[in-house]
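Novice: Remember, the numbering used here sits 4 above the position in the sequence shown when you count from 1.
Glycine residues also receive a C-beta, built at the ideal position from the N, C-alpha and C atoms.
Since we're looking at a predicted model, the values are computed, not measured.
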Amino acid sequence: MSTASGYRNPTEVNMSQMVLPCHANHRGELGVGQLLKWIDTAACLSAERHAGCPCVTASVDDIYFEQTISVGQVVNLKAKVNRAFNSSMEVGIKVCYEDLYSGKQWKVCQAYATFVAQGDGTGKVKLKMFTPQTEEEKTEYSIAAERRRMRLIHTDIIKDLLVKSTIQDERDPKDGAIGEVPAEVTRVESVELALPPHANHQENTFGGQIMAWMENVATIAASRLCHAHPTLKTIEMFHFRGPSQVGDRLLLKAIVNNAFKNSMEVGVCVEAYGQQGEVSRRHVNSAFMTFVVYDDKNQPCTLPCIKPEPGDGERRYREASARKKIRLDRKYVISLKQSEVPLSVPWDPSNQVYLSYNNVSSLKILVAKSNWILATEIDKVRLYTLEEDHILSFRVEMTLDIDARQAFLLLSDLTRRHEWDPHYIKCELLQQVDQDEMIYHVVISTRSAENKLIDFILLASRRTPCAVGDPYVIACRSVTLPTHPETEKYTRGETLCAGFCIWPDINEQTRISYYNQFTPGFVPVITTNIAGLSSDFHTTFHSCEMFLEKNKDDISVGIKNL
Ligand code: COA
Ligand code: ADP
Numbered sequence: 005m006s007t008a009s010g011y012r013n014p015t016e017v018n019m020s021q022m023v024l025p026c027h028a029n030h031r032g033e034l035g036v037g038q039l040l041k042w043i044d045t046a047a048c049l050s051a052e053r054h055a056g057c058p059c060v061t062a063s064v065d066d067i068y069f070e071q072t073i074s075v076g077q078v079v080n081l082k083a084k085v086n087r088a089f090n091s092s093m094e095v096g097i098k099v100c101y102e103d104l105y106s107g108k109q110w111k112v113c114q115a116y117a118t119f120v121a122q123g124d125g126t127g128k129v130k131l132k133m134f135t136p137q138t139e140e141e142k143t144e145y146s147i148a149a150e151r152r153r154m155r156l157i158h159t160d161i162i163k164d165l166l167v168k169s170t171i172q173d174e175r176d177p178k179d180g181a182i183g184e185v186p187a188e189v190t191r192v193e194s195v196e197l198a199l200p201p202h203a204n205h206q207e208n209t210f211g212g213q214i215m216a217w218m219e220n221v222a223t224i225a226a227s228r229l230c231h232a233h234p235t236l237k238t239i240e241m242f243h244f245r246g247p248s249q250v251g252d253r254l255l256l257k258a259i260v261n262n263a264f265k266n267s268m269e270v271g272v273c274v275e276a277y278g279q280q281g282e283v284s285r286r287h288v289n290s291a292f293m294t295f296v297v298y299d300d301k302n303q304p305c306t307l308p309c310i311k312p313e314p315g316d317g318e319r320r321y322r323e324a325s326a327r328k329k330i331r332l333d334r335k336y337v338i339s340l341k342q343s344e345v346p347l348s349v350p351w352d353p354s355n356q357v358y359l360s361y362n363n364v365s366s367l368k369i370l371v372a373k374s375n376w377i378l379a380t381e382i383d384k385v386r387l388y389t390l391e392e393d394h395i396l397s398f399r400v401e402m403t404l405d406i407d408a409r410q411a412f413l414l415l416s417d418l419t420r421r422h423e424w425d426p427h428y429i430k431c432e433l434l435q436q437v438d439q440d441e442m443i444y445h446v447v448i449s450t451r452s453a454e455n456k457l458i459d460f461i462l463l464a465s466r467r468t469p470c471a472v473g474d475p476y477v478i479a480c481r482s483v484t485l486p487t488h489p490e491t492e493k494y495t496r497g498e499t500l501c502a503g504f505c506i507w508p509d510i511n512e513q514t515r516i517s518y519y520n521q522f523t524p525g526f527v528p529v530i531t532t533n534i535a536g537l538s539s540d541f542h543t544t545f546h547s548c549e550m551f552l553e554k555n556k557d558d559i560s561v562g563i564k565n566l
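#1: Given a cut-off of 7 Å, decide if Arg-87 and Ala-46 are closer than it, judged by their beta-carbon atoms.
#2: Measuring CB atoms only, is the region 221 to 228 touching the region 63 to 74, in the sense that at least three cross pairs come out at less than 8 Å?
#3: Once DSSP output is grouped into helix, strand and coil, what is the label at Gln-439?
#4: Thinking C-alpha only, which one of Leu-413, Tyr-494, Ile-259 and Val-400 is nearest Thr-544?
#5: Once you ignore the five residues that flank Asp-405 on each side, which residues in its own chain have a CB closer than 7 Å to its CB?
#6: At a cut-off of 6 Å, would you count Ile-259 as near the ligand ADP, judging by its Cβ distance to the nearest heavy atom?
#7: Return the residue from the list Arg-12, Lys-84 and Val-75 that minimises the CA-CA distance to Asp-44.
#8: Rounded C-beta distance between Ala-479 and Leu-390? I'm assuming under 8 Å.
#9: Assign Leu-24 to one of three DSSP states: helix, strand, or coil.
#10: How many Å lie between His-427 and Leu-165 at the Cα?
#11: Keeping to the same chain, check which residues put their C-beta closer than 6 Å to that of Cys-273; ignore five residues upstream and five downstream.
#12: Answer yes or no: do Leu-40 and Ala-216 have a C-beta to C-beta separation smaller than 7 Å?
#13: Tell me, to the nearest whole angstrom, how far the beta carbon of Tyr-105 is from that of Gln-71; I am working on the premise that it is less than 8 Å.
#14: When you compare the CB positions of Pro-25 and Val-75, do they come within less than 7 Å of one another, or not?
#15: Taking the C-alpha atoms as reference points, what is the distance between His-546 and Lys-556?
#16: Look at the alpha carbon of Leu-197 and the alpha carbon of Gly-281, and state the distance between them as a whole number of angstroms.
#17: Look at Asn-262 and Ala-324 and say whether their C-beta atoms are less than 7 Å apart.
#18: Please tell me whether, using a cut-off of 6 Å, the distance from the CB of Gly-10 to the nearest non-hydrogen atom of the ligand COA is below it.
#19: I'd like the span of the alpha helix (DSSP H) that includes Glu-52, first residue to last.
#20: For the pair the region 152 to 167 and the region 379 to 396, tell me if three or more CB-CB distances fall below 8 Å.
#21: Taking 6 Å as the cut-off, does the CB of Val-272 come closer than this to any heavy atom belonging to the ligand ADP?
#22: Please name the residue or residues paired with Thr-223 in a DSSP beta bridge.
#23: Taking 7 Å as the limit between beta carbons, can you name the residues of its chain near Gln-279, skipping five residues before and five after?
#24: Quick one: what's Glu-2 bridged to in DSSP?
#25: Below 8 Å, can you find three or more Cβ-Cβ pairs linking the region 294 to 309 to the region 358 to 373?
#26: Roughly how many angstroms lie between the CA atoms of Asp-103 and Thr-403, to the nearest whole one?
#27: Can you tell me where the alpha helix (DSSP H) holding Asn-362 begins and where it ends?
#28: Cα separation between Ile-161 and Ser-560?
#29: Ends of the beta strand (DSSP E) at Met-93?
#30: Would you tell me roughly how many angstroms separate the C-alpha atoms of Thr-159 and Ala-222, rounded to the nearest one?
#31: Does the ligand ADP have a heavy atom nearer than 6 Å to the CB of Ser-227?
#32: Please classify His-542 as buried or exposed, where buried requires at least 16 neighbouring CB atoms within 10 angstroms.
#33: What separation, rounded to the nearest whole angstrom, lies between the Cα atoms of Cys-59 and Asn-29?
#34: Kindly list the residues whose CB is nearer than 7 Å to the CB of Cys-1, restricted to its own chain and excluding five residues on each side of it in sequence; keep chain order.
#35: Sort Glu-193, Ser-91, Ala-464 and Pro-475 by Cα distance to Tyr-361 and report the nearest one.
#36: Cutting at 7 Å between CB atoms, please list the residues of its own chain near Cys-113, excluding the five before and the five after it.
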């Protein structure tokens, strides 16, 4: 849809579908398989609009379904390219349903799919850049780089967490659980022949079609456990490992991996083989889906326990428990609105990747805001403010003659901040999680209402640019660490979002912006600055400039850091 200024995203694709009985299950609700086909089609058309050539689905990120849709209602899908990388693009898809009688719309789900341009088959396609125009597009563009990072490490992260998982093999007796069902009875094996209507004109099977077939076998497996019609709540990342063509036989296998009190995890695996037979099967996709069963009053039913098969079954049973924990952490950290997440989220290996994502994306959202107001400027150091949802944020900005990467390396080492920021009394590195994630204990000179110094446990996540035009980012947010609880000596402070964005500019000029979102205790300090009554921000930033100037040629910083 076009904005007030008449702008319309050139990659936007809208699709509206009336839900007919042929799309519905026995309860008269739209089958998720059909919805996945529409999602994939709308997203593919959007990707192809940008690429100008055929595209295939590489992956679809986790999807949470918030609503079911009934026959007679209208499904509205809106897809647009958020960002083009090299040969791949991220497409964002929003799905709503509309009640034609009341005219009301409800959100069903949101999905992010990655498509890879196929070109003419002579080599990797280099896509043209997508240039975001509106604030929303700029935010999505910026966060898409962070989502891509998470996507590409997803398999390794999950593997690593499953190996480290301490979840026991014991099966907890569930309150009111009705017996124990051997997993074997839920096993489904089904074959599909990929025909021309299932494929694009280059004969590649549509990702949406494969997802729909996967959902079909998963639903059958889930039904075999509960002897009822289950409702699909979440799908974990679909990753299409390899292509499938018209003529392929697709072997779909599903089984209930584990059943919890009200939900169960079903795993599905897809392999492809040709006419010659099953000798050389290709692994196309594996996915995990969570189902619940509702009774007549729309309350979730208690599910029977699963008795896994020895060997792989036992392993999948344990891994399903670990994935449940990861899923809940992810939902908690990512899916909730920023204002609903408690300021200090506990740090834990299973939520590490999502907390870092949350940390960087919160800062990127703040950076992309268009309603920053210049409050004051002293000696080319500019102070901007932003007031939104009762949260006051500020940004201090200056332009320096320093290499952006060197500034990034110097500023991302918080243990050196006391060298330029007089407010930082102490900073200790508690945990070097990996090369780009650090946890620090920081003490600042500000005193609390109890007249104690304030301390923080900060997660600092740093990112180098994903492409030309991107800034270097250093994001900080509070976390809690069981090993470092609040002590008598300090008042524990919390910060939701703070950090630096460093833009490499032309002629060796670098624009450095510092952002901070204020929690109420800090407001008096900053409002004094904003009112122009103090030049504290200016003094601190000039001191920062001198620190960067002094260390601008220190090559040991780069060697130590990267
Ligand atoms: N999620 C998202 N993007 C991914 C990805 C994943 N899990 N794995 C790879 N990619 C992206 C890469 O980042 C790269 O993007 P870029 O060029 O913008 O940097 C692009 O895919 C190509 O990656 P590359 O390393 O060159 O190739 P690959 O060997 O990893 O192959 C696919 C990636 C997607 C092309 C390949 O797995 C494939 O053909 N899959 C089947 C696609 C298909 O046919 N889908 C329809 C249903 S079967
Ligand atoms: P993993 O075994 O590590 O979970 P796979 O890709 O082999 O990974 O399988 C994904 C899921 O598909 C499994 O968790 C399981 O639920 C289901 N699955 C795999 N093989 C079979 C099978 N032979 N029969 C039924 N379901 C299967």
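Specialist: Let me spell this out:
#1: no
#2: no
#3: coil
#4: Val-400
#5: Glu-512 and Gln-513
#6: yes
#7: Lys-84
#8: Contact doesn't hold; Cβ gap of about 17 Å is too wide.
#9: coil
#10: 38 Å
#11: Lys-257 and Ser-290
#12: yes
#13: Rounded, the Cβ-Cβ distance is 16 Å, inconsistent with contact.
#14: yes
#15: 15 Å
#16: 13 Å
#17: yes
#18: no
#19: 36 to 55
#20: no
#21: yes
#22: Bridge partners of Thr-223: none, in fact.
#23: Gly-251
#24: The structure shown does not extend to residue 2, since the chain is modelled only from 5 through 566, so no value can be given for it.
#25: no
#26: 53 Å
#27: 356 to 372
#28: 31 Å
#29: 92 to 102
#30: 21 Å
#31: no
#32: buried
#33: 31 Å
#34: A question about residue 1 goes unanswered here, because the residues of the chain that appear run from 5 up to 566.
#35: Ala-464
#36: Ile-67, Tyr-68, Phe-69, Glu-70 and Val-99
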